[in-house]
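Asks:
Protein chains: 2
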Amino acid sequence: MKISAQEEYGLRCLVQLATLGAGESLTLNQIAEREGVSQANAGKLMWLLNKAGFVQAMRGTKGGYTLARPSGEIYLNEVIKILDADEIDNHCEGYKGVLDMCIHKGDCGIRPLIVGLHQIVNEALSNITLAQLVGEERKVKETFQQIQRLERKAANQILGS
Amino acid sequence: MKISAQEEYGLRCLVQLATLGAGESLTLNQIAEREGVSQANAGKLMWLLNKAGFVQAMRGTKGGYTLARPSGEIYLNEVIKILDADEIDNHCEGYKGVLDMCIHKGDCGIRPLIVGLHQIVNEALSNITLAQLVGEERKVKETFQQIQRLERKAANQILGS
DNA sequence: ACAAATCTTTACTTTTTTCTCAAGATTGCG
DNA sequence: CGCAATCTTGAGAAAAAAGTAAAGATTTGT
Numbered sequence: 043m044k045i046s047a048q049e050e051y052g053l054r055c056l057v058q059l060a061t062l063g064a065g066e067s068l069t070l071n072q073i074a075e076r077e078g079v080s081q082a083n084a085g086k087l088m089w090l091l092n093k094a095g096f097v098q099a100m101r102g103t104k105g106g107y108t109l110a111r112p113s114g115e116i117y118l119n120e121v122i123k124i125l126d127a128d129e130i131d132n133h134c135e136g137y138k139g140v141l142d143m144c145i146h147k148g149d150c151g152i153r154p155l156i157v158g159l160h161q162i163v164n165e166a167l168s169n170i171t172l173a174q175l176v177g178e179e180r181k182v183k184e185t186f187q188q189i190q191r192l193e194r195k196a197a198n199q200i201l202g203s
Numbered sequence: 043m044k045i046s047a048q049e050e051y052g053l054r055c056l057v058q059l060a061t062l063g064a065g066e067s068l069t070l071n072q073i074a075e076r077e078g079v080s081q082a083n084a085g086k087l088m089w090l091l092n093k094a095g096f097v098q099a100m101r102g103t104k105g106g107y108t109l110a111r112p113s114g115e116i117y118l119n120e121v122i123k124i125l126d127a128d129e130i131d132n133h134c135e136g137y138k139g140v141l142d143m144c145i146h147k148g149d150c151g152i153r154p155l156i157v158g159l160h161q162i163v164n165e166a167l168s169n170i171t172l173a174q175l176v177g178e179e180r181k182v183k184e185t186f187q188q189i190q191r192l193e194r195k196a197a198n199q200i201l202g203s
């Protein structure tokens, strides 16, 4: 279970935009340079993010990108969903081995595991906004630590019984 | 953020072994057939799991695989770690763009996010054993739902304030 | 000892993901 | 207008992941 390159770089490009003051914008080149990515690659990512409505692009001299909404209103789960080309909703379509259908219809321990994992990640991401990612290292860390503590408690309650 | 094919199929092969009674074992062919995977592929997975000490293999006629420990003592986080070729510990080594080093040293909003996500997933996985995955759909689902509820509560406590 | 069944291991092929390139489109400026 | 800067878009190259094949090693049974 890992974060894909597209998810990571896409998020980082957004973070760059989130640091801007009102009226400021960044060109593809600036974004690429700041994140250590090629301009071509950044271009594709920004294109995706633009299509999805997270950023606004302006062409021509003096063009560039800005966030389409305040960074405090952009939740990471939405962003990840775009950068990751959806997935999960059709999990059993994906890994069905050489057979035509997923073998594990009905009662199957694997499916709830996979679905559950995705939900947990999604839930965590839906509590974090772009704004929080900008220079707010402390708060993000705290949020996750708290989540983990309660996660552990929950597991004990259920499994320990 | 998604589960890789190797993670999923590897887990499923283990689940097959976990359903066996004492003294029973499964051959590569049987495992492959039951999970709808090619024998070659199952072979590679079982080889990995064997090297990591999760299963025991016996060659020759009457050979096959069995779990190396009781299924109740095999935690999913350990298994995933093997099937996923480690990762995370060296996250900043992985996605560093075209530069020699990760740009985000020190204070960086992205790193705690990535690390935090992995920890949350790992924590969830470390509370589930192979035994629970066998025909226990209900229980796995419950565990995750409970974790999610508390996760949400935790987030509200911190972020809402 | 030999043959059959089975796991082991390495090299290779295919598929998917990631990244790049190059041509096109739009905007602003002189 | 026409040039320069910038985003857009699709094709395709490169890299990584997944999967396959084939030859080798080990065990059991006769």
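From first to last, the protein sequence lines are chains H and V.
Start counting the first sequence at 43; every next residue gets the next number (my numbering).
Start counting the second sequence at 43; every next residue gets the next number (my numbering).
Glycine is no exception: its CB is placed at the ideal position from the N, C-alpha and C atoms.
What you are looking at is a predicted structure, and each value in this text was computed from that prediction instead of being measured.
1) Quick check: the Cα distance between Thr185(V) and Gly105(H), rounded to an integer number of angstroms?
2) Can you check whether the C-beta of Glu66(H) is within less than 8 angstroms of a C-beta belonging to chain V?
3) Determine the direct distance from the alpha carbon of Ile162(H) to that of Gln190(V), and round the result to whole angstroms.
4) For Leu192(H) and Glu120(H), what's the separation of their Cα atoms in angstroms?
5) Under three-state DSSP, which class holds Ile130(V)?
6) To the nearest angstrom, how far is the alpha carbon of Leu167(V) from that of Leu155(H)?
7) Output needed for Ala110(H): all residues of its chain with C-beta closer than 7 angstroms, excluding positions within five of it in sequence on either side, in chain order.
8) Going straight from the alpha carbon of Lys93(V) to that of Gln187(H), what length do you get?
9) Residue range of the alpha helix (DSSP H) that Met88(V) falls in?
10) Report, in whole angstroms, the separation of the C-beta atoms of Ala74(V) and Ser80(V), which I expect to be a contact under 8 angstroms.
11) On the DSSP bridge list, what partners appear for Tyr107(V)?
12) What do you get for Thr243(H), buried or exposed, if any count of 16 or more other CB atoms within 10 angstroms of its CB means buried?
13) What separation, rounded to the nearest whole angstrom, lies between the Cα atoms of Leu118(H) and Leu62(H)?
14) Is the beta carbon of Ile124(V) less than 8 angstroms from the beta carbon of Leu91(V)?
15) Of all the options Ala47(H), Asn169(H) and Lys195(H), which has the alpha carbon lying nearest to the alpha carbon of Glu115(H)?
16) Reducing DSSP to helix, strand and coil, say where Thr185(H) ends up.
17) Please state if the CB of Ile152(V) and the CB of Val176(H) are separated by a distance shorter than 8 angstroms.
18) In chain V, which residues lie with their C-beta within 8 angstroms of the C-beta of Arg194(H)?
19) For Gln190(V), go through chain H and note every residue whose CB falls closer than 7 angstroms to its CB, in chain order.
20) Go through its chain and collect everything with a Cβ distance to Leu59(H)'s Cβ below 7 angstroms, but skip five positions before and after it.
21) Shortest alpha-carbon distance to Pro112(H) belongs to which of Thr171(H), Lys44(H) and Lys86(H)?
22) Kindly list, in the order they appear in chain H, the residues whose Cβ is closer than 8 angstroms to that of Glu49(V).
23) Between which two residues does the alpha helix (DSSP H) holding Tyr51(H) run?
24) With 16 other CB atoms within 10 Å as the buried threshold, where does Ala127(V) fall?
25) Show which residues of chain V have a CB atom less than 7 angstroms away from the CB atom of Val97(H).
26) Step through the CB atoms of chain V and report whether any lies within less than 8 angstroms of the CB of Leu53(H).
Replies: With the given structure in hand:
1) 50 angstroms
2) Interface annotation, Glu66(H): not in contact with chain V, CB-CB separation never under 8 angstroms.
3) 6 angstroms
4) 24 angstroms
5) Low local confidence applies: a pLDDT of 49 at Ile130(V) is under 50, so the model's placement there is unreliable, with the coordinate-based value given in what follows. If DSSP states are grouped into helix, strand and coil, Ile130(V) belongs with coil.
6) 9 angstroms
7) Gly95, Phe96, Val97 and Gln98
8) 33 angstroms
9) Gln81 to Lys93
10) 6 angstroms
11) Beta bridge pairing from DSSP links Tyr107(V) with Leu68(V) and Ala99(V).
12) What is shown of chain H runs 43 to 203, which leaves residue 243(H) out entirely.
13) 18 angstroms
14) yes
15) Asn169(H)
16) helix
17) no
18) Glu165 and Asn169
19) Per Cβ cutoff of 7 angstroms: Gln161, Ile162 and Glu165.
20) Leu68, Val97, Tyr107, Thr108 and Leu109
21) Taking the Cα of Pro112(H) as reference, the smallest distance to any Cα among Thr171(H), Lys44(H) and Lys86(H) is reached at Thr171(H).
22) Under the 8 angstroms cutoff, chain H gives Met43.
23) Ala47 to Ala60
24) exposed
25) Those within 7 angstroms of Val97(H) in chain V number zero; the least Cβ separation is about 17 angstroms.
26) Chain V contact via Cβ: present.
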